[in-house]
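Enquirer: In the working numbering, the protein residues as written are 2 to 473.
Handing you a structure now.
Listed below in structure tokens is the structure:
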């Protein structure tokens with residue numbers, strides 16, 4: 002999300018704003034869609050490229066990590082150089098990276114392509130929200146933002162289902178490569194449409210880019226995430242342990258640099274003074290623990306195919322109840338919020354924990370045909386909790402910093418996705434390594450689901466502690 006969304010001028014609303022919104026939502030849809038769509042394709046990717054299990058995790062985690070560490074910087078680029086220009090540049094970069102992934106001849110080249118995809122997505126995505134603020138009048142902004150929020154639910158519904166369809170039908174014999182190459186016709190249509198329909202906007206006072214801060218954060222996070230993925234597979238060699246140990250000093254150095262930059266009157270990537278607020282720290286910690294669910298999509302796809310013997314299409318259809326719940330949850334959230342106020346986020350997470358416990362019990366018992374209801378419960382809880390948790394974070398800061406708080410929340414979610422895939426995916430693989438029996442795969446899935454549920458339970462507790470300080 003964008004960090005500063007001031008715009009210049011008070012011009013009349015753009016007559017083409019709703020058509021422009023369709024283009025902007027394309028840029029909003031593609032990044033999360035490409036996170037979810039790959040899960041179902043991982044078994045086919047591993048077979049075709051003869052990739053190890055740790056590389057298949059990297060295909061997910063590198064994308065999420067690159068997206069996370071570039072996200073706030075991407076918003077600043079739009080403020081400085083113009084959101085339309087940066088949006089189009091990011092979309093073109095995303096198209097090139099998608100082609101790279103779709104044509105990758107080896108696992109290493111695919112991981113590099115996913116790294117480039119994540120960076121391009123982080124340059125493109127923040128411009129959507131900033132442009133919505135710029136082109137829509139106050140009377141229409143809530144409607145536009147509701148469509149923006151629903152797009153994330155649509156990505157979860159369509160991502161794994163579309164991935165299953167593409168891998169199963171293998172259009173033009175492309176197989177798993179089609180999950181990346183499908184982006185190209187979308188971008189071919191969206192880029193000219195953006196050129197014609199979008200109006201340029203930028204911040205009134207463009208902040209200087211904190212490039213050193215962004216680089217320090219990127220290096221620190223990659224030093225943390227990559228060893229967590231590679232260490233399990235290679236039995237924790239020195240070249241995994243050294244980066245892992247160095248990640249904390251690197252992140253500490255990043256924090257000290259940000260504090261020094263703020264004291265000097267500069268604009269750091271992250272404002273340390275904001276994180277001095279105890280309530281915001283707790284709500285961000287809750288947000289980090291909350292998005293452990295990102296790992297569930299990965300382990301569920303493997304469970305469906307390796308544990309239950311289903312094909313990619315069936316695996317994609319199996320996750321649909323969760324996606325539908327995630328799409329419908331935000332529609333219920335306003336009504337629940339009127340009754341529960343700031344406790345809405347905790348309520349949604351309790352629903353998720355209940356659903357995950359039921360999923361684990363059914364998987365352990367071998368009763369996979371009954372998973373529809375608990376999966377739907379998990380999705381509804383996620384849809385209810387996510388917007389409420391975002392509001393809970395933003396409520397702790399002054400209005401002028403609401404955009405920065407939103408950017409912190411979004412970055413926290415993406416970092417959580419990368420770390421949780423590494424941790425909970427690693428737990429699953431430790432129980433059910435390559436060649437494991439169907440029973441071991443089911444056991445690994447059940448244990449991973451319970452671990453993810455425990456993370457969400459802690460997130461719910463933290464959010465309820467924050468509620469004591471935030472008025473309903």
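For glycine and all other residues, C-beta sits at the position ideal for the given N, C-alpha and C.
Are three or more beta carbon pairs between the segment 377 to 386 and the segment 246 to 257 nearer than 8 Å?
Expert: no
Enquirer: Which word fits residue 340, buried or exposed, when buried means at least 16 other C-beta atoms lie within 10 angstroms of its C-beta?
Expert: One-based indexing of the chain shown puts residue 340 at position 339. Residue 340 comes out exposed.
Enquirer: Can you check whether the CB of residue 114 is closer than 7 Å to the CB of residue 68?
Expert: On the chain shown, residue 68 is found 67 positions in, with the first residue counted as 1. On the chain shown, residue 114 is found 113 positions in, with the first residue counted as 1. Not closer than 7 Å, so no.
Enquirer: Return the Cβ separation of residue 61 and residue 52 in integer angstroms, given the expectation that the two are a contact with Cβ distance under 8 Å.
Expert: Taking the chain shown and counting its residues from 1, the one referred to as residue 61 is at position 60. Taking the chain shown and counting its residues from 1, the one referred to as residue 52 is at position 51. Rounded, the Cβ-Cβ distance is 12 Å, inconsistent with contact.
Enquirer: Does the segment 446 to 453 touch the segment 429 to 436, meaning 3 or more C-beta pairs lie closer than 8 Å?
Expert: yes
Enquirer: Alpha carbon to alpha carbon, what distance is there between residue 312 and residue 354?
Expert: Walking along the chain shown from the start, residue 354 turns up at place 353. Walking along the chain shown from the start, residue 312 turns up at place 311. Their Cα atoms are separated by approximately 28 Å.
Enquirer: Please classify residue 141: does DSSP put it in a helix, a strand, or coil?
Expert: As a first step, residue 141 must be located in the chain shown, where it is residue number 140. Residue state, collapsed to three classes: helix.
Enquirer: Kindly list the residues whose CB is nearer than 8 Å to the CB of residue 235, restricted to its own chain and excluding five residues on each side of it in sequence; keep chain order.
Expert: Taking the first residue of the chain shown as 1, we reach residue 235 at position 234. Hits under 8 Å: 55 and 241.
Enquirer: To test your reading of the DSSP string, which unbroken alpha helix (DSSP H) runs of 4 or more residues are found completely within the segment 179 to 248?
Expert: 179 to 182, 184 to 198 and 212 to 235
Enquirer: By the three-class DSSP mapping on this structure, what secondary structure does residue 268 have?
Expert: Residue mapping note: residue 268 aligns to position 267 of the chain shown, counting from 1. In the structure shown, residue 268 sits in coil (DSSP, three-state: anything other than H, G, I, E or B).
Enquirer: Determine the DSSP secondary structure at residue 136, reduced to helix, strand or coil.
Expert: Position 135 of the chain shown, counting from 1, holds the residue named residue 136. DSSP places residue 136 in helix when its eight states are reduced to three.
Enquirer: DSSP on residue 457, reduced to helix/strand/coil?
Expert: Taking the first residue of the chain shown as position 1, residue 457 is located at position 456. Here residue 457 sits in helix by DSSP.
Enquirer: Can you check the segment 269 to 352 for any alpha helix (DSSP H) of at least 4 residues that lies completely inside it and give the ranges in chain order?
Expert: 279 to 291, 295 to 303, 313 to 319 and 321 to 341
Enquirer: Under 8 Å by Cβ, that's how I've got residue 73 and residue 222 pegged, so tell me the actual separation to the nearest angstrom.
Expert: For the purposes of this step, residue 73 is taken as the residue at position 72 of the chain shown. For the purposes of this step, residue 222 is taken as the residue at position 221 of the chain shown. About 13 Å; that fails the 8 Å criterion.
Enquirer: Between 409, 21 and 148, which has its C-alpha nearest residue 196's C-alpha?
Expert: As a first step, residue 196 is located in the chain shown; it is residue number 195 there, counting from the start. If we check each option's Cα against that of residue 196, 21 comes out closest.
Enquirer: Does the distance from the CB of residue 419 to the CB of residue 122 come in under 7 Å?
Expert: Residue numbering aside, residue 419 sits at position 418 when the chain shown is read from its first letter. Residue numbering aside, residue 122 sits at position 121 when the chain shown is read from its first letter. Taking 7 Å as the Cβ cut-off, residue 419 and residue 122 do not qualify as a contacting pair.
Enquirer: Please identify the residue among 70, 161 and 153 whose C-alpha is closest to the C-alpha of residue 219.
Expert: Indexing the chain shown from 1 puts residue 219 at position 218. For the options 70, 161 and 153, the alpha carbon positioned closest to that of residue 219 is the one of 70.
Enquirer: If I follow the unbroken alpha helix (DSSP H) through residue 369, where does it start and stop?
Expert: Residue numbering aside, residue 369 sits at position 368 when the chain shown is read from its first letter. Element bounds for residue 369: n/a, residue is neither H nor E.
Enquirer: Note down, in chain order, each residue of its chain lying with its Cβ closer than 7 Å to the Cβ of residue 90, except the 5 sequence neighbours on either side.
Expert: Indexing the chain shown from 1 puts residue 90 at position 89. Closer than 7 Å at the Cβ level, and outside the excluded window around residue 90, lie 124.
Enquirer: Note down the Cα distance separating residue 237 from residue 376, rounded to an integer number of angstroms.
Expert: On the chain shown, position 236 is the one that residue 237 refers to. On the chain shown, position 375 is the one that residue 376 refers to. Residue 237 and residue 376 have their C-alpha atoms spaced approximately 35 Å apart.
Enquirer: For residue 493, count neighbouring C-beta atoms within 10 Å of its own C-beta (all shown protein chains included) and say buried if the count is 16 or more, exposed if not.
Expert: Since the displayed the chain opens at 2 and closes at 473, residue 493 lies outside it and no answer follows.
Enquirer: Counting Cβ pairs, one atom from each stretch, are 3 or more of them under 8 Å apart for the segment 282 to 291 and the segment 459 to 468?
Expert: yes
Enquirer: For residue 27 versus residue 135, is the C-beta distance shorter than 7 Å?
Expert: Translated into the one-based positions of the chain shown, residue 27 becomes position 26. Translated into the one-based positions of the chain shown, residue 135 becomes position 134. Not in contact: residue 27 and residue 135 (Cβ atoms no closer than 7 Å).
Enquirer: Assign residue 249 to buried or exposed, taking buried as 16 or more other Cβ atoms, counted over all protein chains shown, within 10 Å of its Cβ.
Expert: As a position in the chain shown, residue 249 is number 248, starting the count at 1. Exposed, by the Cβ-count rule.
Enquirer: Please name the residue, chosen from 393, 145 and 59, that lies closest to residue 278 on a Cα-to-Cα basis.
Expert: Translated into the one-based positions of the chain shown, residue 278 becomes position 277. The shortest C-alpha separation from residue 278 is found at 393.
Enquirer: Which value, in whole angstroms, describes the spacing of the CA atoms of residue 128 and residue 84?
Expert: Against the chain shown, residue 128 aligns to sequence position 127. Against the chain shown, residue 84 aligns to sequence position 83. A straight-line Cα-Cα distance of about 5 Å links residue 128 and residue 84.
Enquirer: Please list the terminal residues of the continuous alpha helix (DSSP H) segment that includes residue 101.
Expert: Here residue 101 corresponds to residue number 100 of the chain shown, with the count starting at 1. Note, residue 101: alpha helix (DSSP H), 84 to 103.
Enquirer: In angstroms with no decimal places, state the Cα-to-Cα distance between residue 367 and residue 111.
Expert: Along the chain shown, one-based indexing puts residue 367 at 366. Along the chain shown, one-based indexing puts residue 111 at 110. Taking the straight line joining both Cα atoms gives about 35 Å.
Enquirer: Just checking my contact of residue 298 with residue 155 at CB under 8 Å: how many whole Å lie between their CB atoms?
Expert: Within the chain shown, numbered from 1, the residue matching residue 298 stands at position 297. Within the chain shown, numbered from 1, the residue matching residue 155 stands at position 154. The Cβ separation is near 15 Å, so there is no contact.
Enquirer: What does the Cβ neighbour count give for residue 212, buried or exposed, with the cut at 16 atoms within 10 Å?
Expert: Taking the first residue of the chain shown as position 1, residue 212 is located at position 211. Its Cβ having fewer than 16 others within 10 Å, residue 212 is exposed.
Enquirer: Assuming residue 293 and residue 457 form a contact by the criterion Cβ under 8 Å, report the distance between their Cβ atoms to the nearest whole angstrom.
Expert: Here residue 293 corresponds to residue number 292 of the chain shown, with the count starting at 1. Here residue 457 corresponds to residue number 456 of the chain shown, with the count starting at 1. Taking the Cβ atoms as the reference, residue 293 lies roughly 6 Å from residue 457, within the contact range of under 8 Å.
Enquirer: I'd like the list of long-range same chain contacts for residue 348, defined as Cβ closer than 6 Å, with 5 residues on each side in sequence excluded.
Expert: If you number the chain shown from 1, residue 348 lands on position 347. Contacts found: 341.
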